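This note's numbering numbers the first residue of the sequence shown as 345 and each following residue consecutively. Here's the structure, in structure tokens; my notes come after.
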Amino acid sequence: MRNYSGTVLISLFIVVIFAAGCASQKVPEPTLPAPTFTTSIPTAVTSAVITTPIIPTPPSNVTTTPAIVSVTMLFPKADPTDVSEITFSYYSDSDFSVEYPSTWTTATSIYTPYSVGPFYLYDDPRLNLPYRVVTITSPDNTKKFVALTQDFERAGSFSLDPTIDWSKGMFQRDYPDLSAADYLGNYKYFSSGTAMASTYDVTLPKGTNYYPSAYTIETIVSLRHAYNFGFFTDTDNFSKYRNLKDIMISSVKTPDTELHYISTVGNNTIII
Numbered sequence: 345m346r347n348y349s350g351t352v353l354i355s356l357f358i359v360v361i362f363a364a365g366c367a368s369q370k371v372p373e374p375t376l377p378a379p380t381f382t383t384s385i386p387t388a389v390t391s392a393v394i395t396t397p398i399i400p401t402p403p404s405n406v407t408t409t410p411a412i413v414s415v416t417m418l419f420p421k422a423d424p425t426d427v428s429e430i431t432f433s434y435y436s437d438s439d440f441s442v443e444y445p446s447t448w449t450t451a452t453s454i455y456t457p458y459s460v461g462p463f464y465l466y467d468d469p470r471l472n473l474p475y476r477v478v479t480i481t482s483p484d485n486t487k488k489f490v491a492l493t494q495d496f497e498r499a500g501s502f503s504l505d506p507t508i509d510w511s512k513g514m515f516q517r518d519y520p521d522l523s524a525a526d527y528l529g530n531y532k533y534f535s536s537g538t539a540m541a542s543t544y545d546v547t548l549p550k551g552t553n554y555y556p557s558a559y560t561i562e563t564i565v566s567l568r569h570a571y572n573f574g575f576f577t578d579t580d581n582f583s584k585y586r587n588l589k590d591i592m593i594s595s596v597k598t599p600d601t602e603l604h605y606i607s608t609v610g611n612n613t614i615i616i
């Protein structure tokens, strides 16, 4: 019994010594690898990336219809020759007012490209600048109504010749190779108080190279203003739209004039 106890004590003593030896050993600290630095040189990418667009497939029940361009968009319809079928609009500014077809377009400027009749602009010391121009054009661009308003530098500095000679002189200035006696007609002069006015028609032969080849001019002179109104077209349309032209020209009103037509038929003077 005593031998067994001694053996046990010796075994315990060995275990204690072994455990103390293990406890006194130091555990080595882990070491991190040294950082490695690399220098990268960028290189250009030469290969292009090609993408294929994805086109959606329309549903099978959808029907596509090609666009149809209206003929009237390319070739605007001409105005009715019957004025009762025309709807009129009213243009008005501080210079004048006029009735015109509602389908026509208006534009304003301070110059005019026309060199016909009184629409020939020239430097006149009696007239102040700028001039005012209103152009009203038909959808098919075959007819124009043009208004030119000019201001006198001094009131009453201009008077209108009541005879047809003034209109003939205007015609010869623009058409030196033609005779006013052959192509100028329907002359009228009218006045009221200090205001004077005249109108005349010009109709050139059909197929002439002049443009416009047919027109009506109305010139009104007051104490302070010179007004010129014109209906411009070609010879064929001038005959077709004479009623329209008469309505537009006769509807013109200016704020400082109130005029009446004076026309001579034979020995009689007619005031309209």
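We treat Cβ as the ideally placed atom computed from N, Cα and C, and that holds for glycine. Keep in mind that this is a model prediction, so the values were computed, not measured.
Following the continuous beta strand (DSSP E) through residue i, name the residue where it begins and the one where it ends.
{"i": "Ala541", "result": "539-547"}
{"i": "Thr449", "result": "449-453"}
Roughly how many angstroms lie between the CA atoms of residue i and residue j, to the nearest whole one?
{"i": "Met540", "j": "Pro506", "result": "8 Å"}
{"i": "Lys488", "j": "Phe576", "result": "5 Å"}
{"i": "Ser482", "j": "Thr449", "result": "7 Å"}
{"i": "Ala572", "j": "Phe419", "result": "The amino acid at residue 572 is misidentified as Ala; the sequence shows Asn. Going from the Cα of Asn572 to the Cα of Phe419 covers about 31 Å."}
{"i": "Ala570", "j": "Ile564", "result": "6 Å"}
{"i": "Thr425", "j": "Ser557", "result": "19 Å"}
{"i": "Pro520", "j": "Met514", "result": "10 Å"}
{"i": "Trp510", "j": "Ser583", "result": "25 Å"}
{"i": "Tyr444", "j": "Ala422", "result": "14 Å"}
{"i": "Ser535", "j": "Thr601", "result": "9 Å"}
{"i": "Gln516", "j": "Leu522", "result": "7 Å"}
Could you give the C-beta distance for residue i and residue j, rounded to a whole number, given that I count them as a contact under 8 Å?
{"i": "Asp545", "j": "Asn530", "result": "4 Å"}
{"i": "Ser446", "j": "Ser433", "result": "4 Å"}
{"i": "Arg317", "j": "Asp439", "result": "The requested residue 317 does not occur in the structure, where the chain is confined to residues 345 to 616."}
{"i": "Gly574", "j": "Ile561", "result": "5 Å"}
{"i": "Ser501", "j": "Arg470", "result": "5 Å"}
From the DSSP output, which residues share a beta bridge with residue i?
{"i": "Ala558", "result": "Thr547, Thr577"}
{"i": "Leu471", "result": "Phe496"}
{"i": "Ala670", "result": "Since the first residue shown for the chain is 345 and the last is 616, residue 670 is missing from the structure and cannot be characterised."}
Determine the extent of the alpha helix (DSSP H) in which residue i is found, giving its start and end residues.
{"i": "Ser433", "result": "Not the alpha helix (DSSP H): Ser433 falls in the beta strand (DSSP E), residues 432-436."}
{"i": "Ser441", "result": "Looking at the DSSP string, Ser441 is not in any alpha helix (DSSP H); the run it does join, the beta strand (DSSP E), is 441-445."}
{"i": "Ser594", "result": "586-595"}
Is the beta carbon of residue i within less than 8 Å of some heavy atom of the ligand FMN?
{"i": "Asn581", "result": "This structure simply doesn't include the ligand FMN, nor any ligand for that matter."}
Restricting to runs no shorter than 3 residues, where is the beta strand (DSSP E) found entirely within the region 476-552?
488-496, 528-536, 539-547
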